[in-house]
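Participant: This is the structure I have questions about; it appears just below.
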Amino acid sequence: MKNKFVKSIFLFLFSLFLICSCKKNKTTVDVSVFQSITPTEQWAVVVDSYVSFYADSSKKAAVQANGRRGDVLEMQGEKWVRVLNGKEKWYFFEKGWLEQSSIAIYSNALQAQKASQILLGD
268 MKNKFVKSIF LFLFSLFLIC SCKKNKTTVD VSVFQSITPT EQWAVVVDSY VSFYADSSKK
328 AAVQANGRRG DVLEMQGEKW VRVLNGKEKW YFFEKGWLEQ SSIAIYSNAL QAQKASQILL
388 GD
């Protein structure tokens, strides 16, 4: 019985030692930068001086908002639209639809932000 008690105390103290030695100062890592390079998202930069966001993928649709050169936008959708000369691609953003010729596409937010800075001369 005495031997069992000694083993239990030893096991308890050893466990306590392991627990105490494993507690170290926790280092926090900011992973928000990785959210800017998510491969599933696409980003765009407005390359025209001034653009209109349309309610639908047509210049005949109502204008919902406006944008300026260097605006960085997160893409939410895209579609091809038939026109007289063939097809043109339109992209959907939070503010509305823009045609492909008004924007430059990038695979992540960091690239788009850098391109915007270069475009604006910052």
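In case it helps, the numbering used here puts the sequence shown at residues 268 to 389.
Every residue gets a Cβ at the ideal spot worked out from N, C-alpha and C, and that includes glycine.
Just so you know, these numbers come straight off a predicted model, no measurement behind them.
Quick one: using the 10 Å Cβ neighbour count with 16 as the cut-off for buried, is W357 buried or exposed?
Facilitator: Around the Cβ of W357, a 10 Å sphere holds 16 or more other Cβ atoms; the residue is buried.
Participant: What residue does the beta strand (DSSP E) around Q331 start on, and which one ends it?
Facilitator: 330-335
Participant: What does a CB cutoff of less than 7 angstroms around K354 pick up in its chain, not counting 5 residues either side in sequence?
Facilitator: W347, V348
Participant: Who pairs with K327 in a beta bridge, going by DSSP?
Facilitator: K327 is not bridged to any residue.
Participant: Tell me the DSSP secondary structure of S383 in three-state form.
Facilitator: helix
Participant: On a CA-only basis, which of S275, F281, S325, A382 is nearest L231? Give me that one, please.
Facilitator: It is not possible to answer for residue 231, since the shown part of the chain is limited to 268 through 389.
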